[in-house]
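**Student:** In the numbering used here, the protein residues as written are 1038 to 1122.
Backbone N, C-alpha and C define an ideal beta-carbon position, used for all residues, glycine too.
If you're wondering where the values come from, they're calculated on a predicted model, not measured in any experiment.
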C-alpha cells in the first residue's frame, strides 16, 4: 500500500505507448494491489485522456498511427474485449 501511485500510473501509460504500443516490450499488464486498484484504473484512464494523437513527427504528438489495418483490427478487438470489464 506504500507504492508511489503517480509513478506507477505514469510508468504504465508510458510503457503502453512506446512505439504506439506495437513493441514486444510494451506494457500489456499491470499488477496492482486490490486497495489501490480503483485509484490506479481511474488515474490511468484520466492520463490516457490527455494523450494527443497525430503526426508521429510532430512534437505535440504522443501517439502516432498504427502500422497496418491488421494491427488496427487487433487493437479494436482488444478495446471491444476491454469494454466487457
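Could you give the DSSP three-state label for residue 1090: helix, strand or coil?
**Tutor:** Counting from one through the chain shown, the residue named residue 1090 turns up at place 53. Of the three classes helix, strand and coil, the one that applies to residue 1090 here is strand, per DSSP.
**Student:** Since residue 1054 and residue 1100 should fall inside the 8 Å C-beta cutoff, what is the C-beta to C-beta distance between them, to a whole number of angstroms?
**Tutor:** For this step, residue 1054 is matched to residue 17 along the chain shown. For this step, residue 1100 is matched to residue 63 along the chain shown. That belief holds up - the Cβ atoms of residue 1054 and residue 1100 are roughly 6 Å apart, short of 8 Å.
**Student:** Using the three-state DSSP reduction, which class does residue 1103 fall into: helix, strand or coil?
**Tutor:** Counting from 1 along the chain shown, the entry for residue 1103 is found at position 66. Three-state result, residue 1103: coil.
**Student:** Using DSSP with H/G/I as helix, E/B as strand and the rest coil, what is residue 1098?
**Tutor:** Residue 1098 sits at position 61 when you count from the first residue of the chain shown. Three-state result, residue 1098: coil.
**Student:** Is residue 1080 helix, strand or coil when you go by DSSP?
**Tutor:** Within the chain shown, the letter at position 43 stands for residue 1080. Looking at residue 1080 - three-state DSSP - the assignment turns out to be helix.
**Student:** Under the three-state reduction of DSSP, which class applies to residue 1108: helix, strand or coil?
**Tutor:** In the chain shown, counting from the first residue as 1, residue 1108 sits at position 71. Residue 1108: helix per DSSP, three-state reduction.
**Student:** Which residue wins for smallest C-alpha separation from residue 1045, given the options 1082, 1061, 1059, 1057?
**Tutor:** Position 8 of the chain shown holds residue 1045. Measuring from the Cα of residue 1045, the nearest candidate turns out to be 1082.
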